[in-house]
Amino acid sequence: MKEVSLPPPPNFSAPPSTHSFAALLFDMDGTLIDSTPAIIKHWHALGTLIGVPGPIILETSHGRRTIDVLALLAPQYANWDFVCEAEARVPREWGGDAVEVLGARGLLERLGESGGVVPWAIVTSGTRGLVEGWLGVMGMVRPRVLVCAEEVGEGKPSPEGYRLGARRLGFGDGSAGRNGEGKGGAGALREVRPEEILVLEDAPAGVRAGKAAGYRVVALATTHTIEQLREAGADWIVEDMRSVTMTDWDAKTERVGIQITNALVS
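Written as structure tokens, this is what we have:
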């Protein structure tokens, strides 16, 4: 019998590297928390209601807004009233099924200890009721800026959400003029190079969204394969958030130091 050679296991042993960023933009599910069991129950329950098998929904749902999934599979339900009500029930009914991604709580607490000076936001494909519900159930640090599904015209892989998050933190990258919300009001955005903003993601659609904005992207291999994340264009691939730590905040340059350890060796 011919022997089948298996590919070598992934090598997460890249030496530590430290980088400075103007802002950090986090995805939520799969990046900060893992609510997969709850979401599976949610989609099966929703599938029964709308007449679409849960497995079919799950094949297309991760990293994408519920309203976009429904627009494909059950357009008659693709409205924000229905979506917001359905998603707000998830943390209430299945809150015990979620866990934090390893290392996420520590990183958010470190950011919180900065006294609010480090610019960071959550940019998610979930609705506000879903995200705020999970943050409450999990007892995690809340960001000053939260960009949710119902606030953007296009979901990931469009860069719209991440660019909106950067603008609300007060940063512009020349991509959308000067009409976002900034640190001094409209028109007061601080221009930075796109690569000075870091996105932290787990889904290929989100990685593509961050890269389409021109930002650097750390991808967590928590929900998708390494090959999928590599093809999406991630700058670094790590196993979980334990590989991402805040080292310092430089008040003079207004940059946060981020160390990345044990990233995938290409």
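Residues are numbered in this note's numbering as their position in the sequence shown, beginning at 1, plus a constant of 6. Where a beta carbon is used, it is the ideal one built from N, C-alpha and C, also for glycine. These numbers come from a predicted model, not from an experiment.
Residues in the same chain with beta-carbon distance under 8 Å from residue i, minus the five sequence neighbours each way, listed in chain order, please.
i: Ser-19; result: Asn-268, Val-271
Return the CA-CA distance between residue i and residue j, expressed in angstroms with no decimal places.
i: Lys-47; j: Arg-111; result: 25 Å
i: Val-147; j: Leu-12; result: 42 Å
i: Leu-108; j: Thr-42; result: 15 Å
i: Pro-16; j: Arg-116; result: 29 Å
i: Ile-62; j: Val-223; result: 29 Å
i: Arg-174; j: Arg-70; result: 22 Å
i: Pro-163; j: Thr-130; result: 11 Å
i: Cys-154; j: Leu-38; result: 15 Å
i: Trp-140; j: Pro-97; result: 6 Å
i: Glu-138; j: Leu-76; result: 22 Å
i: Ala-219; j: Glu-106; result: 27 Å
i: Met-247; j: Pro-22; result: 14 Å
i: Glu-233; j: Glu-91; result: 35 Å
What do you get for residue i, buried or exposed, if any count of 16 or more other CB atoms within 10 angstroms of its CB means buried?
i: Val-124; result: buried
i: Ala-194; result: exposed
i: Pro-59; result: exposed
i: Glu-197; result: exposed
i: Ala-28; result: buried
i: Asp-87; result: exposed
Just verifying my parser: in three-state terms, what is the DSSP assignment at residue i?
i: Glu-260; result: coil
i: Leu-38; result: coil
i: Ala-92; result: helix
i: Gly-171; result: helix
i: Leu-136; result: helix
i: Ser-23; result: strand
i: Pro-14; result: coil
i: Val-153; result: strand
i: Ala-29; result: strand
i: Leu-108; result: coil
i: Asp-254; result: strand
i: Ala-127; result: strand
i: Gly-178; result: strand
Going along the chain, which residues of its own chain have a beta-carbon closer than 7 Å to the beta-carbon of residue i, five neighbours each way excluded?
i: Trp-255; result: Ser-120, Val-123, Val-124, Val-262
i: Leu-64; result: Ile-46, Trp-49
i: Gly-171; result: Leu-31, Ala-127, Val-129, Val-151, Val-153
Using a Cβ-Cβ cutoff of less than 6 Å, which residues in the same chain neighbour residue i once the five nearest sequence positions on both sides are dropped?
i: Trp-242; result: Val-224, Ile-266, Ala-269
i: Thr-251; result: Gln-265
i: Glu-201; result: Arg-222
Item to check | Within the segment 191–252, ranges of the alpha helix (DSSP H) (whole runs, at least 4 residues) | outcome: Whole alpha helix (DSSP H) segments, 4+ residues: 210–218, 232–238.
Item to check | Length at least 4, wholly inside the segment 46–78: the alpha helix (DSSP H) runs in chain order | outcome: 60–67
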